[in-house]
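Novice:
In mature numbering (1 follows the signal peptide of the UniProt record, and there is no 0), the protein residues as written are -20 to -1, 1 to 353.
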């Protein structure tokens, strides 16, 4: 009899341990958002090559989608005309496939982080419209075709519209005018008819930008050119934009018959020297007042930062029918580009996992939001 009781005790203990283990494994972002939208992160090279072992484990356990932080930008993929370098991108895509993730390619056409040869001839003068079209087509076709059926969505054009709704005066625009955007989407669609195609930009809640991007979407659709989503880069701080401004933009974009991607998300708790810009070329000199929290966030700032994340995720859940994915721009605070932007040497805390690869308390609170009615 004693043996039976002892065996029952062991059995009960085993079952309870398994239950506890299962409960713990369910408390992940990717499981919480499984039936709502993809939850993703950007991957750096140490993560792509699985050298940053601890953050790689976070990515595998917590996220259902990945995007390459840098290695699929044109300056890395085609540093010299006709000479492509795919090693890093191949490794990135293989990682996503192995871990059954929704893989995003970033980015095909962007005025920044672009090889110097792209716009000029052998004499250093601007190329003709026809030459630029051919270079765009060759780059897009080569890259998208290589990953046809594997990369599920592409940021086709990145950051082409200014906050007031005018077109950025990039070389793409100066040589080809507004037409460079339809051309880019057309080339991408031809290279992989089944991949999702997105326009991606920052400060995308500004009314002027919303209006022009919406018009762009309508123009593409009217010409039979596919566009599946608008990416709202969410490099935000504690104050701007308001949740109401952001929500209005989601609704406006969705009204054009496309999904919204929340892309490049992080929330900085640090002061911004010049407002809301996320333009990587806008840098400012170091000032101590711009780096106030070198030893960690004060409790009141931490609470404000946490509430800001929860407000955004409540909004995403509210509009889950309009949202395709939410992607964090990095996994841990140690990885974040915000540590050195816009001021070199800053210490920031903008992501969901800390410098010790631990989930911050806000992660569990975000997961709990998905269970509320």
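By construction, the Cβ of each residue, glycine as well, lies at the ideal position given by its N, Cα and C atoms.
Can you give me the start and stop residues for the beta strand (DSSP E) that residue 346 sits inside?
Specialist: As a first step, residue 346 is located in the chain shown; it is residue number 366 there, counting from the start. Looking at the DSSP string, residue 346 is not in any beta strand (DSSP E); the run it does join, the alpha helix (DSSP H), is 341 to 349.
Novice: Can you have a look at residue 305 and say buried or exposed, based on whether 16 or more other CB atoms are within 10 angstroms of its CB?
Specialist: Residue 305 sits at position 325 when you count from the first residue of the chain shown. Counting C-beta atoms within 10 angstroms of its own C-beta, residue 305 has 16 or more neighbours from the protein chains shown and is therefore classed as buried.
Novice: Using 8 Å as the threshold, is the C-beta distance between residue 236 and residue 194 below it?
Specialist: Start at 1 with the first residue of the chain shown, and residue 236 comes out as number 256. Start at 1 with the first residue of the chain shown, and residue 194 comes out as number 214. One thing to note: residue 236 has its Cβ within 8 Å of the Cβ of residue 194.
Novice: With three or more beta-carbon pairs closer than 8 Å as the criterion, would you say the region 339 to 352 touches the region 286 to 294?
Specialist: yes
Novice: Based on Cα-Cα distance, which residue from 217, 222, 113 lies nearest to residue 281?
Specialist: As a working note, residue 281 is residue 301 in the chain shown. Comparing Cα-Cα distances from residue 281 to each of 217, 222, 113, the minimum goes to 217.
Novice: Is it buried or exposed for residue 2, if we count other Cβ within 10 angstroms and need 16 for buried?
Specialist: Walking along the chain shown from the start, residue 2 turns up at place 22. Confidence is the limiting factor: at residue 2 the pLDDT is only 32, short of 50, which leaves the residue's position unreliable, though a coordinate-based value still follows. Per the 10 Å Cβ criterion, exposed.
Novice: Grouping DSSP H, G and I as helix and E and B as strand, with all else coil, what is residue 25?
Specialist: In the chain shown, counting from the first residue as 1, residue 25 sits at position 45. Note: residue 25 maps to helix in three-state DSSP.
Novice: Please go through the same chain and pick out, in chain order, the residues whose beta-carbon is closer than 8 Å to the beta-carbon of residue 256, but skip the five residues on each side of it.
Specialist: On the chain shown, residue 256 is found 276 positions in, with the first residue counted as 1. Note that residue 256 scores a pLDDT of 46, beneath 50, so its modelled location is shaky; the value from the coordinates is reported in the next line. Sequence-distant partners of residue 256 (beyond 5 residues in either direction) whose C-beta falls short of 8 Å from its own C-beta, in its chain, are 183, 216, 217, 220, 221.
Novice: Helix or strand or just coil, what does DSSP make of residue 121?
Specialist: Numbered from its first residue, the chain shown carries residue 121 at position 141. Residue state, collapsed to three classes: helix.
Novice: Quick check on DSSP: helix, strand or coil for residue 317?
Specialist: Residue numbering aside, residue 317 sits at position 337 when the chain shown is read from its first letter. The answer is helix: DSSP assigns residue 317 an H, G or I state.
Novice: Is the beta carbon of residue 246 less than 8 Å from the beta carbon of residue 331?
Specialist: Position 266 of the chain shown, counted from the start, is the residue given in the question as residue 246. Position 351 of the chain shown, counted from the start, is the residue given in the question as residue 331. Contact: yes.
Novice: Do you know whose CA, among 213, 114, 90, lies nearest residue 149's CA?
Specialist: Within the chain shown, the letter at position 169 stands for residue 149. The shortest C-alpha separation from residue 149 is found at 90.
Novice: Quick one: what's got a C-beta closer than 7 Å to residue 200's C-beta in the same chain, skipping five residues either side?
Specialist: What you label residue 200 is simply residue 220 of the chain shown in a count that begins at 1. The answer, listed in chain order, is 162, 165, 207.
Novice: Locate the beta strand (DSSP E) running through residue 82, then write down its first and last residues.
Specialist: Taking the first residue of the chain shown as position 1, residue 82 is located at position 102. From DSSP, the beta strand (DSSP E) with residue 82 extends over 82 to 90.
Novice: What do you get for residue 341, buried or exposed, if any count of 16 or more other CB atoms within 10 angstroms of its CB means buried?
Specialist: Here residue 341 refers to the residue found at position 361 of the chain shown. Burial call: exposed.
Novice: Skipping 5 residues on each side, what residues in its chain have a beta carbon closer than 8 Å to that of residue 249?
Specialist: Along the chain shown, read from residue 1 onward, the residue named residue 249 stands at position 269. Cβ within range, chain order: 217, 218, 273, 277, 281, 282, 284, 285, 328, 329, 330.
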